[in-house]
Amino acid sequence: MAELPQRQTDIGPPHYEQFLPPVIKKNYGKWIYHEELGPGYMVHVAESGDRVWTVRVASPRLLSTDTIKEICDIADKHCDGYLRFTTRNNIEFMVDDESKVEPLMKELKEKGYMIGGIGSRISNVVHTQGWVHCHSAATDASGIVKALMDELHEYFTSKDLQARVRLAVACCVNMCGAVHCSDIAIVGVHKTPPRIEHERLRNLCEIPSTVASCPTSAISPDPQKKSVKIKLEKCMYCGNCYSVCPSMPIADPKNDGVAIVVGGKVSNMRSHPMFSKLAIPWLPNNPPRWPEVVDAVRKILDAYIADARKHERVGEWIERIGWEKFFKLTNLEFKLQHVDDFTFARETWRMAATFKW
Amino acid sequence: MEREELKKIIYELVEKSMGKKKLKQSDILKKVSAEHGVDKGEVKAALRELMDAGKLIFTYFGGSYVEIPPKEE
Amino acid sequence: MGTKHKTPLLDDLEKGPFPSFVTEIKKAAEHSEYAQDLLGQLELSFKEKVTHWKHGGIVGVRGYGSGVIGRYSDVPEEFPGVAHFHTLRVNSPSGFFYSTKALREICEVWDKYGSGLTNMHGSTGDIILLGTKTENLEPVFAELSSRGWDLGGSGSAVRTPSCCVGQARCEWSNIDTMAITHDITHHYQDEMHRPAFPYKFKFKVAGCAIDCIASIARADMSIIGTWKGDIQIDQDEVKAYAAAGMDIQKEIVELCPTGCMSWDGSELKINNEDCNRCMHCIAKMAKALRPGPEKGATILLGSKAPIVTGALMSWVIVPFMKMEPPYEEFYDLVDRIWEWWDEYGKNRERIGELIERLGFPRFLKEVGIEPHPAMVKEPRRDPFFFWSEEDIEK
Ligand code: HEM
Ligand code: HEM
Ligand code: HEM
Ligand code: SF4
Ligand code: SF4
Ligand code: SF4
Ligand code: SF4
Chain A
2 MAELPQRQTD
12 IGPPHYEQFL
22 PPVIKKNYGK
32 WIYHEELGPG
42 YMVHVAESGD
52 RVWTVRVASP
62 RLLSTDTIKE
72 ICDIADKHCD
82 GYLRFTTRNN
92 IEFMVDDESK
102 VEPLMKELKE
112 KGYMIGGIGS
122 RISNVVHTQG
132 WVHCHSAATD
142 ASGIVKALMD
152 ELHEYFTSKD
162 LQARVRLAVA
172 CCVNMCGAVH
182 CSDIAIVGVH
192 KTPPRIEHER
202 LRNLCEIPST
212 VASCPTSAIS
222 PDPQKKSVKI
232 KLEKCMYCGN
242 CYSVCPSMPI
252 ADPKNDGVAI
262 VVGGKVSNMR
272 SHPMFSKLAI
282 PWLPNNPPRW
292 PEVVDAVRKI
302 LDAYIADARK
312 HERVGEWIER
322 IGWEKFFKLT
332 NLEFKLQHVD
342 DFTFARETWR
352 MAATFKW
Chain B
101 MEREELKKII
111 YELVEKSMGK
121 KKLKQSDILK
131 KVSAEHGVDK
141 GEVKAALREL
151 MDAGKLIFTY
161 FGGSYVEIPP
171 KEE
Chain C
180 MGTKHKTPLL
190 DDLEKGPFPS
200 FVTEIKKAAE
210 HSEYAQDLLG
220 QLELSFKEKV
230 THWKHGGIVG
240 VRGYGSGVIG
250 RYSDVPEEFP
260 GVAHFHTLRV
270 NSPSGFFYST
280 KALREICEVW
290 DKYGSGLTNM
300 HGSTGDIILL
310 GTKTENLEPV
320 FAELSSRGWD
330 LGGSGSAVRT
340 PSCCVGQARC
350 EWSNIDTMAI
360 THDITHHYQD
370 EMHRPAFPYK
380 FKFKVAGCAI
390 DCIASIARAD
400 MSIIGTWKGD
410 IQIDQDEVKA
420 YAAAGMDIQK
430 EIVELCPTGC
440 MSWDGSELKI
450 NNEDCNRCMH
460 CIAKMAKALR
470 PGPEKGATIL
480 LGSKAPIVTG
490 ALMSWVIVPF
500 MKMEPPYEEF
510 YDLVDRIWEW
520 WDEYGKNRER
530 IGELIERLGF
540 PRFLKEVGIE
550 PHPAMVKEPR
560 RDPFFFWSEE
570 DIEK
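Those protein sequences? They're chains A, B and C, same order as listed. The first sequence begins at 2 in the working numbering and counts up by one. The second sequence begins at 101 in the working numbering and counts up by one. The third sequence begins at 180 in the working numbering and counts up by one.
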């Protein structure tokens with residue numbers, strides 16, 4: 002094998018300054034306002050009078066080096082060799098002159114890139130690894146995102162909503178990413194307890210830490226088998242024990258599925274940040290397109306579009322109308338699983354005699 | 101204390117607990133520093149030398165631990 | 180080259196307008212056996228509705244306990260190309276700006292040693308290089324680090340800090356998010372690469388309360404820019420918004436959560452004492468309103484996803500801190516918090532959970548932070564509080 006270069010440690014990431022387009026570098030910290038000029042492009046204006054136009058396109062997050070090189074070609078041709086990514090997996094191309102916007106957008110469209118995601122609409126979906134790379138996944142993430150966005154793409158590229166609607170997908174209850182604070186989110190869930198492989202467990206897992214991993218104290222040592230046992234009625238299928246002890250697999254293709262949670266937000270705008278709350282406890286995994294899940298999201302979104310006021314986020318809308326009305330407007334069934342019996346349960350019970358019929 | 105001696109103490113501590121209890125970096129710093137009256141920073145520096153030499157490695161089982169690397173097959 | 184697998188289920192996801200991750204894997208499969216077998220294994224997962232990945236906790240690069248996520252296939256005979264499929268987390272530059280030259284360089288290394296597949300970016304903010312063999316980890320690290328790139332955090336360590344675009348291209352940013360993030364990342368290299376904590380620790384930096392980086396939901400320490408002093412109003416621009424059709428009364432004044440604004444058709448007034456700096460009016464009238472003059476950040480602590488005992492959002496621990504280099508006050512605070520966490524934290528206990536277990540008042544006292552009404556939504560409802568020696572008359 003060829004000689005490798007000298008490795009270095011603890012050098013940290015390269016300084017961001019070398020990656021800033023000249024117009025950004027020059028006006029750093031001196032921006033005075035911006036305007037949204039369309040669903041996928043905006044202009045920022047600096048004190049100096051300089052402007053930067055940004056064109057935003059969607060990416061599937063999972064990118065081949067081939068596509069990255071193609072993006073680089075576009076940035077070389079139109080943007081002096083610079084570009085950036087957003088937190089929500091979009092790609093942003095920036096130019097310093099209005100005349101450069103047209104040709105850039107033209108080429109992006111020709112190459113099939115989807116322009117949009119800025120303003121009061123649906124931006125790209127924050128999501129996790131799923132079956133592409135994770136051991137813990139109760140569902141896939143990329144597949145659901147693709148199916149969902151094929152259905153909702155108009156809200157990325159053109160149609161307006163009352164406010165931003167932020168979607169997220171997490172493939173298990175670990176919820177890597179901000180799923181627990183999204184307008185509408187999908188999270189993979191198990192419905193059955195883990196199975197204990199006693200033979201393997203003995204050699205592979207530390208019993209005290211496996212016992213300690215369970216948030217509901219469902220696991221206790223089983224000295225006879227030199228293993229552990231689970232009190233089934235206490236298990237809430239979180240999979241935490243499997244993460245600590247691989248000999249307690251929890252994946253169950255017939256019963257794994259997804260839950261839908263709604264009404265979360267992270268912005269402090271107007272109302273405080275909110276957690277997402279349970280709308281649908283379980284829908285089946287139906288790859289490749291998860292039709293039940295896509296339908297359910299559509300239903301919730303349609304109710305929001307029909308009833309929310311301008312600037313109202315999903316969570317603000319539901320808070321105004323009340324959850325009882327939310328279930329009515331969306332036609333979703335209210336089940337036993339919706340009533341909280343976990344850590345913050347008592348905060349969620351209605352301690353008042355006032356509610357809507 | 102000599103660096104080499106400190107390294108030996110750390111290595112033996114990890115060796116002894118292999119298969120019984122996984123040690124975290126901070127378990128080692130706390131224990132060695134308390135039992136031998138050396139500054140935690142020094143223990144950390146010695147541990148780092150062991151790591152850089154590949155004598156000890158970090159492993160990950162839901163949390164990060166310090167262990168002896170598995171034998172090459 | 181390896182085997183070409185039939186993938187009818189995945190093929191369906193190449194249709195439709197949204198960019199397809201399947202197409203991306205197929206592009207890579209043109210030149211990578213990893214990607215070919217990834218397609219095969221993923222098709223199997225789609226068919227059987229179950230993941231085919233196994234844990235693999237003992238791979239890494241020498242001296243580091245971070246930056247590599249080990250993965251093995253549980254069907255390696257069928258898909259040898261992904262028998263090992265380890266991921267590297269490469270620390271992204273603050274703000275996710277890149278030169279094409281830098282991106283091409285990374286691609287070149289990854290085409291040579293890995294699957295040719297990436298995530299731009301992982302949810303934590305790293306460049307994710309998705310899938311390679313154990314023996315390729317050191318070469319990739321040597322190639323990347325010699326070109327100025329380092330690995331990010333994983334395990335019980337500081338995770339790769341990340342931030343919103345901030346002052347690079349946002350007029351609302353009260354702090355230099357990119358500079359702060361860069362500084363924190365470099366300050367804590369050891370804590371990032373050699374895991375020494377009870378569990379992970381994440382920093383995220385947002386320039387204002389809109390929080391485009393979702394710091395309040397997913398950082399153990401959230402640094403959110405804010406200001407003191409009056410919102411700056413350009414009355415002419417306010418009138419221009421009104422003239423352009425904005426209903427200022429309805430869309431701005433009535434949606435102000437604190438009811439501190441008024442509009443008489445020609446002048447917008449704000450009672451700044453009552454403003455809680457929620458950003459609504461500023462965001463809706465970007466040309467007319469700007470944040471107040473004295474800039475700093477609110478520091479919040481503790482957010483985490485529902486595992487293990489329920490989700491937390493970060494809550495206020497320092498209402499206002501100037502965030503200017505060399506950030507001494509900030510680092511001093513972080514070090515005190517970590518010391519306390521190191522002392523009392525159980526394995527896999529996040530800082531937020533530890534504070535819940537031992538009590539927020541005890542945290543404040545032992546870490547040396549003065550209580551302030553900004554830290555709570557309301558005071559306690561019960562009379563079960565404690566006093567210490569010095570509060571008692573002898
Ligand atoms: C006995 C073996 C293992 C146990 C008990 C275990 C347990 C866990 C637990 C509890 C977590 C969550 C910790 C956290 O969020 O920081 C976790 C995360 C993770 N595990 Fe495992 N694991 C094991 C083996 C493996 C293996 C073999 C791999 C990879 C091939 C792996 C990859 C990961 C990854 C990538 C994460 C997330 C890491 C992060 O975000 O820091 N684990 N594991
Ligand atoms: C017991 C708890 C947890 C376990 C077992 C766990 C496990 C994992 C694993 C295995 C991965 C790697 C996925 C892959 O690349 O294969 C991962 C990634 C990640 N985790 Fe976790 N995790 C846990 C909790 C959390 C929590 C509480 C958060 C955040 C609040 C979080 C945030 C992340 C993020 C941001 C990623 C990167 C995901 C991506 O970009 O796809 N994790 N985690
Ligand atoms: C050591 C603990 C407590 C003591 C000594 C105590 C004492 C009292 C007393 C003397 C009253 C007035 C009764 C009356 O004459 O009407 C009262 C009322 C009340 N207490 Fe407590 N209390 C205690 C704890 C609590 C706690 C923990 C709660 C609730 C979380 C609570 C809720 C109430 C309520 C709701 C009332 C009725 C107030 C009303 O009239 O609206 N108390 N308590
Ligand atoms: S959400 Fe769960 S399944 Fe998905 S990447 Fe994170 S740990 Fe893995
Ligand atoms: S799945 Fe969760 S609740 Fe059930 S035994 Fe495992 S850790 Fe406990
Ligand atoms: S968080 Fe605030 S400052 Fe940062 S990019 Fe978003 S709006 Fe701008
Ligand atoms: S920032 Fe929010 S609270 Fe302050 S004046 Fe504007 S709308 Fe009202």
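Beta carbons are placed, not taken as given, at the ideal position from N, Cα and C, and that holds for glycine.
- Nearest Cα to Phe563/C within the set Lys544/C, Pro498/C, Ile548/C and Gly538/C: Gly538/C.
- Against Glu207/A, the close residues of chain B are Lys121 and Lys122, in the order they occur along the chain (beta-carbon pairs closer than 8 Å).
- For Ile128/B, there is no enclosing beta strand (DSSP E); the residue is part of the alpha helix (DSSP H) that begins and ends at Gln125 to His136.
- Close to chain A, meaning a Cβ-Cβ distance shorter than 7 Å, are the following residues of the region 311 to 327 of chain C: Pro318, Phe320, Ala321, Glu322, Ser324, Ser325 and Gly327.
- Using a Cβ-Cβ distance cut-off of 8 Å, the region 495 to 506 of chain C and the region 123 to 135 of chain B are not in contact, since fewer than three pairs of beta carbons, one from each stretch, lie closer than that value.
- Burial check for Asp570/C: the Cβ neighbour count within 10 Å stays below 16, so the residue is exposed.
- DSSP places Gly30/A in the coil class of the three-state scheme, outside both helix and strand.
- Proximity of Lys131/B to chain C, defined by a Cβ-Cβ separation below 9 Å, is not satisfied.
- Under the Cβ criterion of 9 Å, Met118/B is not counted among the residues facing chain C.
- In this structure His551/C is exposed. Its beta-carbon is surrounded by fewer than 16 other beta-carbon atoms within 10 angstroms.
- Cβ-Cβ separation between Leu308/C and Leu267/C: approximately 4 Å, consistent with a contact (criterion under 8 Å).
- Counting only the Cα atoms, Trp289/C lies some 43 Å from Glu535/C.
- Judged by DSSP secondary structure, Ser124/A falls outside any alpha helix (DSSP H); it is assigned neither H nor E.
- Taken in chain order, the complete alpha helix (DSSP H) segments of 4 residues or longer contained in the region 364 to 408 of chain C are 368 to 372 and 394 to 397.
- The distance from the Cβ of Leu63/A to that of Ser124/A is about 17 Å, inconsistent with a contact at the 8 Å cut-off.
- Straight across, the Cα-Cα distance linking Asp141/A with Met249/A is about 21 Å.
- Against chain C, the CB of Leu84/A has a partner CB under 9 Å away; the residue lies at that interface.
- Chain order gives the chain B residues near Asp521/C as Ser126, where near means a beta carbon separation below 8 Å.
- Within the region 239 to 307 of chain C, the complete alpha helix (DSSP H) segments of 4 residues or longer fall at 279 to 292, listed in chain order.
- The contact set of Ser60/A on chain C, defined by CB atoms closer than 8 Å, consists of Pro198 and Met299 in chain order.
- For Glu322/C, the CB contacts under 6 Å within the same chain, skipping 5 residues up- and downstream, are Val288 in chain order.
- Scanning its chain for C-beta atoms nearer than 7 Å, with the 5 sequence neighbours on each side dropped, one finds around Asp355/C the residues Gly345 and Gln346, in chain order.
- Distances from the CA of Lys101/A to each of Trp283/A, Trp54/A, Gly82/A and Arg290/A were compared; the closest alpha carbon is that of Trp54/A.
- A distance below 8 Å between beta-carbons, with the five flanking residues on each side excluded, links Tyr42/A to the following residues of its chain, in chain order: Trp54, Thr55, Val56, Arg57, Val102, Met106, Ile116 and Ile119.
- In the displayed model, His128/A falls within a strand according to three-state DSSP.
- Shortest gap from the CB of Ile185/A to any heavy atom of ligand 6: 8 Å or more.
- Residue pairing of Arg57/A in beta bridges, as defined by DSSP: Glu93/A.
- Using a C-beta cut-off of 8 Å, the region 200 to 212 of chain A makes contact with the region 222 to 229 of chain A, since at least three inter-stretch Cβ pairs fall below that distance.
- Within a 10 Å sphere around the beta-carbon of Pro292/A sit fewer than 16 other beta-carbons, which makes this residue exposed.
- Counting along the chain, Trp291/A sits inside no beta strand (DSSP E), nor does DSSP assign it H or E at all.
- For Val417/C, the CB contacts under 6 Å within the same chain, skipping 5 residues up- and downstream, are Leu447 and Ala467 in chain order.
- Taken from the Cβ of Asn455/C, at least one heavy atom of ligand 7 lies inside 8 Å.
- Counting only the Cα atoms, Trp324/A lies some 13 Å from Gly265/A.
- A Cβ-Cβ distance of about 6 Å is found for the pair Cys182/A and Ser277/A, placing them in contact under the 8 Å criterion.
- Relative to His16/A, the option among Thr230/C, Thr313/C and Trp328/C whose CA is nearest is Trp328/C.
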